[in-house]
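**Q** The sequence shown stops at residue 897 when you use full-length UniProt numbering, and every number in between is there.
Backbone N, C-alpha and C define an ideal beta-carbon position, used for all residues, glycine too.
Predicted, not measured: the structure shown is a model, and the values here were computed from it.
Structure below; questions to follow.
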Amino acid sequence: MGSDFQVDEWLEETLKMLEDSDSIPGIIVDKGVFNTLEDVMTRSSRNSSINQCHIDGCCFRDGKRRIDMVLAYTDKSVTDEMHLQRRSVFESELQKQGLELELEDCVDSFDGKTYYLKIHAPWNFLLTQAEAVELKMPLKQKEDRPKTAGKSKTTSTNILKNKAPQKKNPYTAIFSLSKLEQFDIRDEDSFFSQTQRHFLVWHVLSKALYDENVSHRAGIRLLLAKETYIAAFPLHDGPYEIDSDSDESEASCSGLNERQILQEEWSRPGAFFKTQPYENIRRYFGDETGLYFSWLGFYTMMLVPASVAGLIAFLYGAFTLDSDSNVTSKEICGNEKDLTMCPLCDQVCPYWKLGDSCLFSKISYTFDNPATVVFAVFMSFWATILLELWKRRQAKIRWEWDLLYPQQLEDEEVRPEYEKSANGTRISPITGEEEPYVKPSSKNLRYFLSITGVLLIGAALVMAMLGVIIYRITIVIVFFKTEEGFVKQYAKLLTSITASLISLVVIQLLNWIGKMLAKYLTDLEAHRTQAEYDEKYTIKIWFFEFINDYSLLIYIALFKGRFYTYPGDPATKADIVSRLRTDQCDPAGCLSEIFIQLAIIMVGKQLLNNFLEILLPFIQNSWKLKRAKNSEMQKENAKGLPQWEKDLLLKPASRDMLQSEYLELAAQYGFVTLFVAAFPLAPLFALINCIIEIRVDAFKLVAQFRRPVPIRIADMGIWQEVIKSLTYLAVIVNAFVIAYTSEFIPRIVYYYTNDFDNDGYIRSTLSLFSTSDFTDEDRPSIDIDNRNFTECYYRGLRNPPSSEDAYKPAPMYWTIFAVRLCFVLVFEHLVFGITSLISIIIPDIPVEIKDSIKREMHMAREAMKKAGKSCSNLNILNLSNKEALSSSNGSHNQKKK
């Protein structure tokens, strides 16, 4: 049938009826309006050959009808009667809905085993389905509209423009066949975008029956799960590689397909300095992918001021390292360096000199200086402002991309796994038809088992991190026992580095295991729709990721050294958990350990993830391509394969692909905001990673993965709540890190209680211990220069051994504790108060967007009124349009048969 609109017979009959309408009571026809309708509905697709259908493998054999979706199945399922029956019913249902099908026999495939069913959506099908799903389409624009009217592009504020051609975003309204003449239909090829065509086709595929006797047995997802089909995907536009001789085309992006434009202007490494063509991304991959890259681009831009501020804080610490303001290093490396310190462990650890902590003190000061405190306050406000500005940016995107109506998202079909888990059926309260159903008793049991599993896995993850902490306690003993001078000298530093590297490996391994367990537990819960499933799965993987990534950092920042009493305390020998009380911070503080842990985990995860995201798909696709090249059924090279076979060789674009990307960004955002006081360079490393991440993710989508099926969304979903929770948590954590982990509060208290003088600060943070109080089991077997010491110092604010309350907390301990607690309360109330004020000052929806939304609604009402006047006497035709179009398809299919 080509792509011509097959309603000729219906139009002839209708026009004849209209000509005789004078004899039909109650019908008065505006023939000018109907001529417009007739003109639109009978347009031919003869010009479709001038669009991207000229690319090999993107069209039916006639070279005119473009392929909107491809279903693949193997010869194994051809001999299976059940698969044959399902496919027969399913494909007949697709044809009844108006889709056109064309089969590629397996003898022509590269492996000689795979059949490809190509699907084309003709013009009448698109119109009918667009009305059914309430798709918003562009209205005709008035010539005298205000200059500020119309939807601006999300890239309008970018400085470094790319050359990718951008389409205008006109005002839109919910599509209606009865108001057809009010929509801006210039030609069939451009009215519906590719992603809209794919969405409409997938919408029908998701609901088409494959069993005539059971109404709920429907949808391509179930058939994929049953392996009736092995794949279902929209085609890429063609090759992404650009001919090296086409320099002129590259300069203007003319003559390139959409995929090549994205490769040239977005996904290749050489385009890192260009802004992202968000509209092109959205048109090619869909709203969900476009919104992800919009968030990634916005987050990357917001990291620029944070990176500058963090770099300034770091440089301040570096340049003032040898100044008088660095009291800690000045005393540890200077006049107090010969102070004898108590052993860090029992028996095998020797006494040591305070000067041995000189390196740690300098590292700590680089990140624990007055500028760092200011930077931590700045980052608390930065995180809140980022969240508020993103709400405004997302409001603009939602209006520009027509994502304003969550209630109009795609109807959720039943998940295949839900049907397998169902232990009964019920009459749907929505459709009134029979559907699979999981009984409440079974549902409650499943939820109980799932919640129990989540808690047990969470406990196991905490135990794994506890193992790393025990490693830190025991390995330092091994390093001190070694005869190697370098290892013994830098035992504490090597302990921190090796423990951080081990935790990096453990985190990566447990994250991988956690995702599998989260999937298993979410499957166990038997969620009916994919939206419910995605939300619960996201909560689980984020819960596991949070414990994995941050538990060790939280321990070092908030708990390490807090339970240490004094050397040789008998209470620390009760059990393995009690031994954790012996884990203490360096005299210079714990901030240096947080820095080492955070730097290794954050940078290490970024490098590993980027490496795996490129390497694994490349290896998998290269292996498939090599098989295709060597196939006896395909003697030509890979470039000779049709597009549907090339795409089948690519890695499938799973629905949870973007979930992993959001998870990675959320984890990074946590590193940047939660512990930024310990690592001011975290935003800079995050910025570098995001610049790389944009191109890595872009290249994956353009070159390594199949084209994803577009999904209608309203916003970022639960990930926005994750970012919001991290933003609020960051304020609290940074308050505790500044108050309890850094030396900021103790230095301030000492300064004001010591006549505004910081001299002697380090000695004030140390307590005296009498070596005669060591038991034989605890007494060090090694002394410095074979000397016997009668006393040593340890980190803490406790009474001396001569006091009646020996080794009990000193009064200064309680003073500093009270000041720390007051600081936390004041800090978080002040920040939350100011950020609440900021959120009030900065509205979630910009005023201009509110006005534009109102104008769009006004224009839509005016257009509908105009159409209503013109077509007020064509109600019969308006009501029968869809039936007429459908019946014309059915008659055509019968002619084909």
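1. Taking all protein chains shown into account, decide if His236 is buried (16 or more other Cβ within 10 angstroms of its Cβ) or exposed.
2. Please list, in chain order, all residues of the same chain as Arg477 whose beta carbon is under 6 Å from its beta carbon, the five residues on each side excluded.
3. Output the distance between the C-alpha atoms of Ala735 and Leu296, rounded to the nearest integer angstrom.
4. In the DSSP assignment, find the unbroken alpha helix (DSSP H) run with Cys690 in it and report its ends.
5. Tell me whether the beta-carbon of Ile242 lies closer than 9 Å to the beta-carbon of Leu262.
6. On the three-state DSSP scale, how would you describe Trp390?
7. Just list the alpha helix (DSSP H) runs in the stretch 315 to 365, keeping only unbroken ones of 4 residues or longer that don't cross its boundaries, in chain order.
8. Is the stretch 485 to 502 touching the stretch 451 to 464 in the sense that three or more CB pairs, one from each, lie closer than 8 Å?
9. Helix, strand or coil for Ile842 per DSSP?
10. Please classify Ser364 as buried or exposed, where buried requires at least 16 neighbouring CB atoms within 10 angstroms.
11. Quick check: what's the CA-CA separation for Tyr761 versus Arg747?
12. For Arg795, which of Phe789, Pro710, Phe817 and Leu766 has the nearest alpha-carbon?
13. Beta-carbon within less than 7 Å of residue 901's beta-carbon, same chain only, minus the 5 sequence neighbours each way: which residues are those?
14. Taking DSSP as the reference, what is the three-state secondary structure of Met716?
15. Thr425 lies in the beta strand (DSSP E); which residues open and close that run?
16. Rounded to whole angstroms, what is the Cα-Cα separation between Gln408 and Lys136?
17. Of the residues Thr538, Met69 and Ile230, which one's Cα is nearest the Cα of Leu200?
18. Within 10 Å of its beta-carbon, does Asp755 have 16 or more other beta-carbons around it, so buried, or fewer, so exposed?
19. How many Å lie between Asn423 and Ile711 at the Cα?
20. Sort Phe175, Glu388 and Gln597 by Cα distance to Thr835 and report the nearest one.
21. Which runs of the alpha helix (DSSP H) at least 4 residues long sit entirely within the stretch 233 to 316? Give them in chain order.
22. Exposed or buried, Glu279, counting other C-beta atoms within 10 Å across all chains shown (16 or more means buried)?
23. Is the Cβ-Cβ distance between Gln394 and Met716 less than 9 Å?
24. Quick check: what's the CA-CA separation for Pro416 versus Asp75?
25. With C-beta atoms as the reference, is Lys700 less than 9 Å away from Ile594?
26. Alpha helix (DSSP H) containing Leu797: first to last residue?
27. Could you pull the DSSP bridge partners for His120 from this structure?
28. Compare the beta carbon distance of residue 902 and Gln659 with 9 Å and say whether it is the shorter of the two.
29. Which partner residues does Tyr437 have in the DSSP bridge list?
30. Strictly under 9 Å for the Cβ-Cβ distance: is Thr384 near chain D by that measure?
31. Check Met17 in the structure and name its three-state DSSP category.
32. Taking C-beta to C-beta, are Leu650 and Arg706 nearer than 9 Å?
33. Threshold first: 3 residues or longer. Then list the beta strand (DSSP E) segments lying entirely within the stretch 705 to 787, N to C.
34. Given a threshold of 16 other Cβ atoms within 10 Å of its Cβ, counted over all protein chains shown, does Thr366 qualify as buried or as exposed?
35. If we call anything under 9 Å between Cβ atoms a contact, is Met301 one with Trp382?
36. To which residues does DSSP link Gly589 through a beta bridge?
**A** To lay it out plainly:
1. Result: buried.
2. Here the sequence assigns Ile to residue 477, which means Arg is not the residue at that position. Cys345 and Val348, listed in sequence order.
3. Using only the alpha carbons, I get a separation of about 27 Å.
4. Note, Cys690: alpha helix (DSSP H), Ala682 to Phe699.
5. No, Cβ-Cβ distance for Ile242 and Leu262 is not below 9 Å.
6. Of the three classes helix, strand and coil, the one that applies to Trp390 here is helix, per DSSP.
7. The DSSP assignment places 327 to 332 as complete runs of the alpha helix (DSSP H) inside the stretch 315 to 365, in order along the chain (cut-off: 4 residues).
8. Touching, no.
9. DSSP places Ile842 in the coil class of the three-state scheme, outside both helix and strand.
10. Counting Cβ neighbours within 10 Å, Ser364 comes out buried, since at least 16 surround it.
11. Taking the straight line joining both Cα atoms gives about 7 Å.
12. Distances from the alpha-carbon of Arg795 to those of Phe789, Pro710, Phe817 and Leu766 put Leu766 closest.
13. Outside the displayed range of the chain (1 to 897) lies residue 901, so it cannot be described from this structure.
14. Per DSSP, reduced to three states, the secondary structure at Met716 is coil, with no helix or strand assignment.
15. Thr425 -> beta strand (DSSP E) spans Gly424 to Ile427.
16. Legend: pLDDT at Gln408 = 47, less than 50; position of this residue unreliable, value from coordinates given subsequently. Rounded to whole angstroms, the gap between the alpha carbons of Gln408 and Lys136 is 10 Å.
17. For the residues Thr538, Met69 and Ile230, the minimum Cα distance to Leu200 belongs to Met69.
18. Asp755 comes out exposed.
19. Approximately 30 Å between the Cα atoms of the pair.
20. Closest option to Thr835, Cα to Cα, is Glu388.
21. Counting only runs of 4 or more, we get 247 to 252, 258 to 262 and 278 to 285.
22. Label assigned to Glu279: buried.
23. Yes, Cβ-Cβ distance for Gln394 and Met716 is below 9 Å.
24. So the alpha carbons of these two residues sit roughly 23 Å apart.
25. No, the pair does not count as a contact, with Cβ atoms beyond the cut-off.
26. Boundaries for Leu797: no alpha helix (DSSP H) harbours it, and the DSSP string shows neither H nor E there.
27. Beta-bridge pairing by DSSP links His120 to Glu100.
28. Past the edges of the chain, shown from 1 to 897, lies residue 902, and the structure says nothing about it.
29. DSSP output for Tyr437 lists Gly424 as bridge partner(s).
30. The question asks about chain D, but that chain is absent: this structure has only one protein chain.
31. Confidence at Met17 is low in this model, with a pLDDT of 42, below 50, so the placement of that residue should be treated as unreliable; the coordinate-derived value is given next. When secondary structure is reduced to three states using DSSP, Met17 falls in the helix class.
32. Using a Cβ distance threshold of 9 Å, Leu650 and Arg706 count as a contacting pair.
33. Counting only runs of 3 or more, we get 766 to 770.
34. The residue in question, Thr366, is buried, as its Cβ has 16 or more Cβ neighbours within 10 Å.
35. In this structure, Met301 keeps its C-beta atom at 9 Å or more from the C-beta atom of Trp382.
36. According to DSSP, which records beta bridges pairwise, Gly589 is partnered with Asp586.
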